[in-house]
Amino acid sequence: MKVLVYNELNPKTIPGFAKLQSYLEDDDFKSADVKKVGDNLYRARLNQRDRLLFSIYRHQEQNYALILEFIKNHAYQNSRFLRQVCIIDEDKIPVIHKPDEAGDKALVYLNPGHNSFNLLDKIISFDDRQQSIYDLQPPLIVIGSAGSGKTALTLEKMKQAVGDVLYVTQSAYLVKNSRDLYYAHHYDNPDQQIDFLSFQEFLESIRVPAGKPITFQAFQQWFSRHRNGQLKDGHKLFEEFRGVITGPATDKSWLSREDYLNLGVKESIFLAE
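When we follow the working numbering, the leftmost residue of the sequence shown carries the number 43, and every step to the right adds one.
Okay, here's the thing in structure tokens:
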């Protein structure tokens, strides 16, 4: 089987890693002293005291051992991935002799050119373009369509930050979802302090603004009463007002007619005419 390492681990700091890796690559679970300790969680013996925690997945008929955690001195109680286990008695767990005795969970996508993986609520393997963005140093702007991996990239990139970090988005739902993804599997980074806020919450942390932002439902009711000409899509018009006409300018509340007409093709939802 092939061995992939969690990107937060440094194999060079793990004693006996190279030898254990060769055992797993040869499917020699007996020499690696592999035992199952959880749902798709296995431990292998590095030395008399230390253990390595991994999961087994399949992709295109190939087994992969995904190295998750270095466990020092049998301290299973401190494991991110074994929080639900109080005590593990290794002497009472039989050794698995071959990968066939393990699970058969599949990975939807795996980049064959990478020897590592990322992890949020699930295993993440970046394609070459995503990885090139991940490797960039901030400040940077990530642009992509829905489902292109922007959120996963952003959250994984945030893990590299030190100190105070702020995550802001328009959607209150996305705030909760992103927070849950970030802290999945009990992730903890003592070098940072992160606030996940909606844009409204962020504004109110500075000063509570007068009035309240218009909702799309209210805008759609107004639009339905006054719709005419070529503007038939209320959602596009709403986004044009919110994101273009009133969005980018920092020195004024909205763009003037002249400024708006001078926008480039990619700066507006609508064509010039």
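Note that the Cβ used here is the ideal one computed from N, Cα and C, for glycine as well.
Computed from a predicted model, the values in this text were never measured in an experiment.
Can you check whether the CB of residue j is closer than 9 Å to the CB of residue i?
i	j	result
histidine 228	arginine 93	no
isoleucine 236	valine 207	yes
glutamate 282	phenylalanine 238	no
leucine 95	valine 79	yes
leucine 162	glutamate 111	no
phenylalanine 280	phenylalanine 261	yes
histidine 109	valine 47	The amino acid at residue 109 is misidentified as histidine; the sequence shows isoleucine. Result yes, Cβ atoms of isoleucine 109 and valine 47 sit closer than 9 Å.
lysine 44	asparagine 82	no
histidine 113	asparagine 120	A small fix is needed here, since residue 113 is isoleucine in this sequence, not histidine. Yes, Cβ-Cβ distance for isoleucine 113 and asparagine 120 is below 9 Å.
valine 137	lysine 77	yes
leucine 98	tyrosine 118	The question names leucine, but residue 98 in the sequence shown is isoleucine. For isoleucine 98 and tyrosine 118, no; Cβs fall outside 9 Å.
leucine 297	isoleucine 287	yes
Alpha carbon to alpha carbon, how far is residue j from residue i? Give it in angstroms, no decimals.
i	j	result
arginine 100	arginine 267	56 Å
aspartate 170	proline 154	10 Å
alanine 148	threonine 292	48 Å
proline 141	glutamine 63	14 Å
lysine 308	aspartate 75	58 Å
lysine 254	glutamate 246	11 Å
threonine 87	proline 57	Note that residue 87 is arginine in the sequence shown, not threonine. Taking the straight line joining both Cα atoms gives about 11 Å.
phenylalanine 244	lysine 199	21 Å
threonine 257	asparagine 49	41 Å
proline 181	glycine 289	20 Å
serine 73	glutamine 172	37 Å
leucine 303	serine 295	17 Å
For residue i, which three-state DSSP category applies?
i	result
asparagine 120	helix
histidine 101	strand
arginine 221	helix
alanine 257	Per the sequence shown, residue 257 should be read as threonine rather than alanine. Three-state result, threonine 257: coil.
asparagine 52	coil
glycine 205	strand
glycine 80	strand
threonine 211	strand
glutamine 179	coil
alanine 86	strand
glutamine 272	coil
Pull up the CB-CB distance for residue i and residue j, whole angstroms please, since I reckon it's below 8 Å.
i	j	result
asparagine 160	phenylalanine 168	7 Å
valine 204	aspartate 233	5 Å
Exercise for review: Pair every Cβ in the stretch 184 to 200 with every Cβ in the stretch 217 to 226, then say whether three or more of these pairs are closer than 8 Å.
Suggested key: Yes, the stretch 184 to 200 is in contact with the stretch 217 to 226.
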